[in-house]
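Numbering (the working numbering), first residue to last: 66 to 735.
Working notes, beginning with the structure itself.
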């Protein structure tokens with residue numbers, strides 16, 4: 066070969082190296098820049114073009130660049146003087162983290178930490194639902210911690226939900242840990258062979274033979290990558306959108322407040338619109354900005370929507386806790402005026418219970434679809450994180466290989482049914498299939514018909530009578546047979562009621578009160594009442610014996626009344642003015658004399674609460690005990706209660722004129 070046409074072997078090898086180096090960065094750039102929700106290698110034509118393109122002639126660096134890369138003659142320092150310090154290392158790590166995840170990196174970590182904390186909180190709610198509800202609503206001191214009477218799922222559901230929620234919480238924590246400490250992991254090897262890659266990404270042509278499933282698979286594989294990704298994204302988004310829509314329908318069916326409905330509807334509408342937009346429009350998004358913003362909003366929707374509902378009820382729950390605390394301190398055990406649940410707003414209580422119960426996994430179906438949604442969420446976020454890390458390593462590889470060819474320039478309503486005075490319940494009530502609370506207080510209802518047993522979702526039943534001639538006479542047999550969810554049963558002041566239905570089906574009953582039933586001959590068996598924690602039986606004069614209390618939960622140390630702890634001198638002092646520590650249980654009591662009369666109501670009180678009055682020669686106070694008519698009550702406990710409220714400045718504002726005898730002044734009335 067002539068000297069003008071021949072090249073030395075070393076020159077040929079150098080030329081081949083330059084050709085190979087000029088091809089690799091272009092192919093890598095194509096792989097990185099065409100990522101949307103997943104980094105894929107499916108655009109075969111573009112890859113073939115990249116690998117088949119002619120190599121560019123290498124250019125030598127400009128003299129100015131060569132001079133800038135060489136050290137100055139005047140520099141006499143050492144490289145040891147520039148050893149990295151801790152600050153430099155931290156700055157480098159922050160810069161690398163920012164290069165991988167961008168400005169959304171820190172918000173993502175915060176979001177994962179909050180999601181993990183909320184998931185662990187959900188696990189705690191499954192175990193201690195009543196305690197958590199009391200802690201949130203500040204009702205721990207009332208009704209022995211049973212103010213809300215939340216439904217209790219089966220033990221198997223509780224155990225399964227706690228285990229799964231713990232796993233999901235660990236999963237969200239692992240996402241945050243991966244972002245903070247493992248974003249350097251998974252770097253590709255330096256000796257990537259793009260010839261092998263080009264062979265791997267070329268799909269084999271499958272003949273469209275076989276059954277329908279095989280033809281469907283072939284058709285899906287032949288779809289363009291972006292279209293296939295859109296279908297896959299829509300399939301992942303659809304389950305949670307359907308679940309959120311069903312949640313809104315539940316809120317509407319339960320009668321949630323208008324503000325909650327508006328809030329949830331706006332979030333859901335935005336979620337649907339964004340999901341439809343993403344599935345119909347392709348936008349190049351190599352840094353997954355759109356995907357991360359959407360899934361961040363989606364996770365916010367899933368995590369904080371129930372939390373906002375709870376915050377709303379905490380803020381709007383109207384219950385004077387301080388005033389009721391004075392009742393508990395002064396009225397003592399045995400008075401139904403100390404049962405806080407009776408005096409709470411039924412609508413607010415029911416709505417909060419529905420919202421809080423939404424956080425519990427009460428059935429296997431609920432556990433399944435909520436677990437599926439968490440799995441989808443973890444899968445999508447892990448996919449995004451690993452894609453961002455992969456893309457970062459690809460960019461790093463591209464930069465290193467470009468640097469080997471040429472210098473790289475530095476870049477610088479729950480429904481409330483009001484029962485009016487009627488002998489029979491309205492037949493329209495039969496249509497309320499999912500009735501949860503039924504309160505009949507002084508409604509003059511004389512009979513509970515058989516169709517009341519159709520209220521299988523009933524959780525709260527309160528029937529209160531009075532001392533007039535029109536009161537409850539009969540309750541149909543078997544009325545409680547289908548009320549397995551009933552947790553609260555209060556039957557008070559029904560002197561004409563001779564027989565009670567069986568209670569054996571009330572396996573979730575926790576509060577039972579049977580009071581003032583002069584004609585009742587026998588108490589039903591307590592068999593089946595294994596969850597009962599509060600039992601109140603008062604003034605049943607014709608009941609000769611109590612049924613066996615063996616089925617009931619028993620305290621290790623039952624409450625008893627004793628005067629052994631008081632000294633003889635103190636006991637004598639107490640007896641000198643008619644006081645006793647343990648009053649005898651057989652003290653005669655006349656309901657007719659205790660019943661409100663025209664004299665004790667209109668003449669003495671005239672509808673004014675806390676007025677001083679005298680009845681039968683005894684000092685009293687006008688008060689509506691147990692939500693009855695304002696009547697002159699001679700009980701000293703109610704007087705002590707009102708005095709304590711005035712001293713603490715709680716409860717209703719006092720009237721300096723009517724309540725001066727209780728210690729009310731102009732200063733305390735404001």
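All residues carry an ideal CB built from backbone N, CA and C; glycine is no exception.
Please return the same chain residues whose Cβ sits closer than 7 Å to the Cβ of residue 236, not counting the five positions on each side in sequence. 443
Could you tell me if residue 685 is buried or exposed, where buried requires 16 or more neighbouring beta carbons within 10 angstroms of its beta carbon? buried
Do you know how far the Cα of residue 319 is from the Cα of residue 419? 7 Å
Alpha-carbon spacing of residue 523 relative to residue 305, whole angstroms: 30 Å
Could you give the residue range of the beta strand (DSSP E) that holds residue 529? 525-529
Beta-carbon proximity check, residue 244 vs residue 185, cutoff 8 Å: no
Is it buried or exposed, residue 208, if we count other Cβ atoms within 10 angstroms and call 16 or more buried? buried
Could you have a look at residue 730 and say whether DSSP puts it in helix, strand or coil? coil
Would you say residue 370 and residue 316 are within 8 Å of each other, going by their C-beta atoms? no
Would residue 718 be called buried (16 or more neighbouring beta carbons within 10 Å of its own) or exposed? exposed
Identify the residues that DSSP records as bridge partners of residue 580: which are they? 557, 603
Are residue 562 and residue 588 close, meaning C-beta to C-beta below 8 Å? no
What did DSSP end up calling residue 672 once you bin it into helix, strand or coil? coil
Distance, Cα to Cα, residue 551 vs residue 713? 37 Å
My guess is that residue 548 and residue 521 are in contact by the Cβ rule of under 8 Å, so how many angstroms apart are they, rounded? 6 Å
Cα-Cα separation between residue 280 and residue 234, rounded to whole angstroms: 41 Å
Where does the unbroken beta strand (DSSP E) through residue 693 begin, and where does it stop? First-last for residue 693: undefined, no H or E at that position.
Residue 418 in three-state terms, based on DSSP: helix
How big is the Cα-Cα spacing for residue 574 and residue 730? 46 Å
Out of 602, 302, 706, 558, point me to the one whose CA is closest to residue 536's CA. 558
Three-state secondary structure (DSSP) of residue 512: strand
Does DSSP put residue 684 in a helix, a strand or coil? strand
Whole-angstrom distance between residue 309 and residue 429, CA atom to CA atom: 18 Å
What is the rounded straight-line gap between the Cα of residue 690 and the Cα of residue 696? 8 Å
Quick test of the definition: if touching needs 3 or more C-beta pairs under 8 Å, does the region 202-217 touch the region 175-182? no
Which whole-angstrom value is the C-beta distance of residue 389 and residue 191, which I expect to be below 8 Å? Their Cβ separation, rounded to whole angstroms, is 29 Å, which puts residue 389 and residue 191 out of contact at 8 Å.
Find out if the Cβ-Cβ distance for the pair residue 440, residue 240 is shorter than 8 Å. no
With H, G and I counted as helix, E and B as strand and the rest as coil, what does DSSP make of residue 249? coil
Using DSSP with H/G/I as helix, E/B as strand and the rest coil, what is residue 503? strand
Could you tell me the alpha carbon to alpha carbon distance between residue 504 and residue 660, rounded to whole angstroms? 22 Å
Nearest-angstrom beta carbon gap, residue 601 and residue 578 [assumed within contact, 8 Å]: 4 Å
Taking only three categories from DSSP, how would you classify residue 722? coil
Residues that DSSP places opposite residue 540 in a beta bridge: 513
Using beta-carbon positions only, say whether residue 576 and residue 596 come within less than 8 Å of one another. no
Using the Cα positions of residue 733 and residue 646, report the straight-line distance between them to the nearest angstrom. 34 Å
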